[in-house]
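Here the structure comes first, spelled out in structure tokens, and everything after it is commentary.
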Amino acid sequence: MIKPNYNQIIFYLSISYITLFFFSCKDNSDINRDHLVFRYNEYANINTLDPAFSRTLQDNSVCNQLFNGLVQLDDELNILPCIAKDWTISEDGLTYQFKLRKHVYFHHHKLFGKDSTRTVTAKDFEYSLNRLRDEKLASPGSWVLNKVDDFYAINDTLFEIKLKQSFPAFIGLLTMKYCSVVPKEIVEHYGSDFRNHPIGTGPFKFKRWEENIKLVFRKNPLYFEEDKHGNALPYLEAVAITFLPDKQSEFLQFAQGNIDYVSGLDASYKDELLTASGKLQENYAKSVNMIRGPYLNTEYLGFYLDSESPEIQSELLRKAINYGFDRKKMIVYLRNGIGNPANGGFIPIGLPGYDKSIGYTYQPEKAKELVAQFKAETGISNPTITLVTTSNYLSFCEFIQRELEKTGLMLHVDVMPEASLRSARSNGKVDMFRSSWIADYLDAENYLSIFYSKNFAPNGSNYFHYKNTTFDSLYNKSFTITDIEKRKHLYTTMDSLVMQKALMVPLYYDEVVRFTRKNVKGLGVNPINLLDLKRVKKQF
Numbered sequence: 087m088i089k090p091n092y093n094q095i096i097f098y099l100s101i102s103y104i105t106l107f108f109f110s111c112k113d114n115s116d117i118n119r120d121h122l123v124f125r126y127n128e129y130a131n132i133n134t135l136d137p138a139f140s141r142t143l144q145d146n147s148v149c150n151q152l153f154n155g156l157v158q159l160d161d162e163l164n165i166l167p168c169i170a171k172d173w174t175i176s177e178d179g180l181t182y183q184f185k186l187r188k189h190v191y192f193h194h195h196k197l198f199g200k201d202s203t204r205t206v207t208a209k210d211f212e213y214s215l216n217r218l219r220d221e222k223l224a225s226p227g228s229w230v231l232n233k234v235d236d237f238y239a240i241n242d243t244l245f246e247i248k249l250k251q252s253f254p255a256f257i258g259l260l261t262m263k264y265c266s267v268v269p270k271e272i273v274e275h276y277g278s279d280f281r282n283h284p285i286g287t288g289p290f291k292f293k294r295w296e297e298n299i300k301l302v303f304r305k306n307p308l309y310f311e312e313d314k315h316g317n318a319l320p321y322l323e324a325v326a327i328t329f330l331p332d333k334q335s336e337f338l339q340f341a342q343g344n345i346d347y348v349s350g351l352d353a354s355y356k357d358e359l360l361t362a363s364g365k366l367q368e369n370y371a372k373s374v375n376m377i378r379g380p381y382l383n384t385e386y387l388g389f390y391l392d393s394e395s396p397e398i399q400s401e402l403l404r405k406a407i408n409y410g411f412d413r414k415k416m417i418v419y420l421r422n423g424i425g426n427p428a429n430g431g432f433i434p435i436g437l438p439g440y441d442k443s444i445g446y447t448y449q450p451e452k453a454k455e456l457v458a459q460f461k462a463e464t465g466i467s468n469p470t471i472t473l474v475t476t477s478n479y480l481s482f483c484e485f486i487q488r489e490l491e492k493t494g495l496m497l498h499v500d501v502m503p504e505a506s507l508r509s510a511r512s513n514g515k516v517d518m519f520r521s522s523w524i525a526d527y528l529d530a531e532n533y534l535s536i537f538y539s540k541n542f543a544p545n546g547s548n549y550f551h552y553k554n555t556t557f558d559s560l561y562n563k564s565f566t567i568t569d570i571e572k573r574k575h576l577y578t579t580m581d582s583l584v585m586q587k588a589l590m591v592p593l594y595y596d597e598v599v600r601f602t603r604k605n606v607k608g609l610g611v612n613p614i615n616l617l618d619l620k621r622v623k624k625q626f
């Protein structure tokens, strides 16, 4: 008698359920031209369609379809005109003046009156940035304006921003979705409910949101941007987003052709999709495109320098950990080759200031010598450090643990929920922790601010409690330098100071990896992994 394989039965039932769920979410009244509809799943869900509260990658990606700001980024992170067609910056770096396009329209809404729309003016940006500053609103993006003294509309097409001090990275901050323009009359009508009644100027307009089920956008026929041939953007008729709650279900839908795109690599399907060297498996190569590029994300292990542990206080052991494991091997075995070994500093590949020569390479004998030196100098025969991580990164930490055992250093690995680890890290309750730093804006100052002494956690992001007067002096000096080459050299110098003290262990510089069906054209990749669908086409 042959026994049934219950695990296999459950697996196929799961696939059937997921397929049924997806198609039950389709609404032909919303999506009646399937070849012009871009379909994807957002397993992490979204929190809002209000750009003032758009703090996560998934929120930014949906808001990017609905809203525009003064300026925008291309896939190489160049800052380009958007609603502002050009701008000037004063010689002292304090005054920014933006000249707006005259024919940018808000999405249709009956509250606009007879024409159901109106043009954007400088007063709309004045209102939108004041809203961002409003303490009653409590936007998580209010910090973007911390260095701003004032802003105002000079006339309908001229908008001016004055800074308290020169800040060369400021123009990059304005590309963030927090700084999108919104219409006063619509926002004040809906109040907090604007989060699910969004009206912007973007390439797509809001159609329907059934939370946890589906989200639908339609093409904005009034959109102001064109392609290089003068054709109106966007090309797609609609965007349809589902919210299946895990990456495995998402991948099954992609494999069956029910969605057009997945982002990132998950342990549940990485070996199914990719070879160990990071190439598409043969059975997917004919139906799937893979797009990859640098991601402004540094994954690292950090040390809390105010710890009473002699092991944590020891520069010898901190350096031994940096020398003691093979980052390239770790990337190949645990990420199928996706990512770049972090043999440079904290600043990742893709930002001015990155230097591959200032970090640590795999030198196991050097690591053993440093551990032996620590033992001899302190009399501690069995040095031990506890590393705290989340379950998602347990395999990485266990790999490092096994490698460091060969040097004579014992590493205990504890697992905490993400929220608990975040709190413990901020309050100095963990001696060593795994973390990551993803760029908030496109300047290496964003990375170096984590080491500035006035940013000590819990009131800032200096989780290490590192203090160095030379570093602080260089950091403050960087705000006065507008020449990018001079600033790049300064950033590298600051990064090397940190690496000389081995304040942290850079693990890898992440990569953006995207997978699409072969018929999807025009989807690029950028170092902040922001989804931009206005130039995407689907071909059959």
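Numbering (my numbering), first residue to last: 87 to 626.
Note that CB positions come from ideal geometry on N, CA and C, so glycine has one too.
Nothing here was measured: the structure is a model prediction, and the numbers come from that model.
Pick out the complete beta strand (DSSP E) segments inside the region 259-299, 3 residues or longer, and give them in chain order.
290-296
I'd like to know whether the C-beta atoms of S539 and K553 end up nearer to each other than 7 Å.
yes
Do the region 401-418 and the region 368-386 make contact, defined as three or more Cβ pairs closer than 8 Å?
no
Buried or exposed: D346, going by 16 or more other Cβ atoms within 10 Å of its Cβ?
Taking all protein chains shown into account, D346 has 16 or more neighbouring C-beta atoms within 10 Å of its C-beta and is therefore buried.
Quick check on the DSSP output: the beta strand (DSSP E) that includes M518 runs from which residue to which?
Per DSSP, the unbroken beta strand (DSSP E) holding M518 starts and ends at M518 to I524.
What are the boundary residues of the beta strand (DSSP E) that includes K248?
L244 to L249
Taking the beta carbon of T602 as the centre, do at least 16 other beta carbons fall within 10 Å, making it buried, or is it exposed?
buried
Hey, how far is the Cα of N369 from the Cα of Y309?
40 Å
Please determine, among R125, K620, E597 and Y129, the residue with the shortest C-alpha to C-alpha distance to R378.
E597
Enclosing alpha helix (DSSP H) for E491 [first to last residue]:
It spans L480 to E491 - the alpha helix (DSSP H) in which E491 sits, taken as one unbroken run.
With DSSP as the reference, label A453 as helix, strand or coil.
Per DSSP, reduced to three states, the secondary structure at A453 is helical.
Express the C-alpha separation of L497 and I471 in angstroms, rounding to a whole number.
5 Å
Assuming L186 and V206 make a contact with CB atoms under 8 Å, what is their CB distance in whole Å?
7 Å
Take the Cβ of Y479 as the centre, count every other Cβ of all protein chains shown within 10 Å, and call the residue buried at 16 or more, exposed below.
buried
Neighbour-count burial assignment, G316, 16 or more Cβ in a 10 Å radius:
exposed
What is the rounded straight-line gap between the Cα of I435 and the Cα of K572?
Distance from the CA atom of I435 to the CA atom of K572, rounded to whole angstroms, is 18 Å.
If contacts are defined as beta-carbon pairs under 8 Å, then L619 and P320 qualify, I think. What distance do you get, rounded to the angstrom?
6 Å between Cβ atoms; contact.
When you compare the region 380-394 with the region 449-463, are there three or more beta-carbon pairs, one atom per stretch, that lie closer than 8 Å?
When Cβ pairs closer than 8 Å are counted between the two stretches, the region 380-394 is seen not to touch the region 449-463, the count staying below three.
Inside the region 178-263 only - beta strand (DSSP E) runs reaching at least 3 residues:
Whole beta strand (DSSP E) segments, 3+ residues: 181-186, 234-241 and 244-249.
Check the C-beta distance from K250 over to F237 and give it rounded, since I have them as a contact under 8 Å.
Contact doesn't hold; Cβ gap of about 12 Å is too wide.
Below 8 Å on the Cβ atoms is my contact criterion, and I expect S354 with F337 to pass it. Report the Cβ-Cβ distance as a whole number of Å.
7 Å
Between the alpha carbons of G628 and E274, how many angstroms are there, rounded?
As displayed, the chain neither begins before 87 nor continues past 626, which places residue 628 out of reach and without an answer.
Beta strand (DSSP E) containing D596: first to last residue?
M590 to R603
Here's the rule: buried if 16 or more other CB atoms are within 10 angstroms of the residue's CB, otherwise exposed. What is S202?
exposed
Throw me the rounded Cβ distance for the D313 and R600 pair, which I believe falls under 8 Å.
Not confirmed; about 21 Å, so no contact.
Exposure of P284, with buried meaning 16 or more beta-carbon neighbours within 10 Å:
buried
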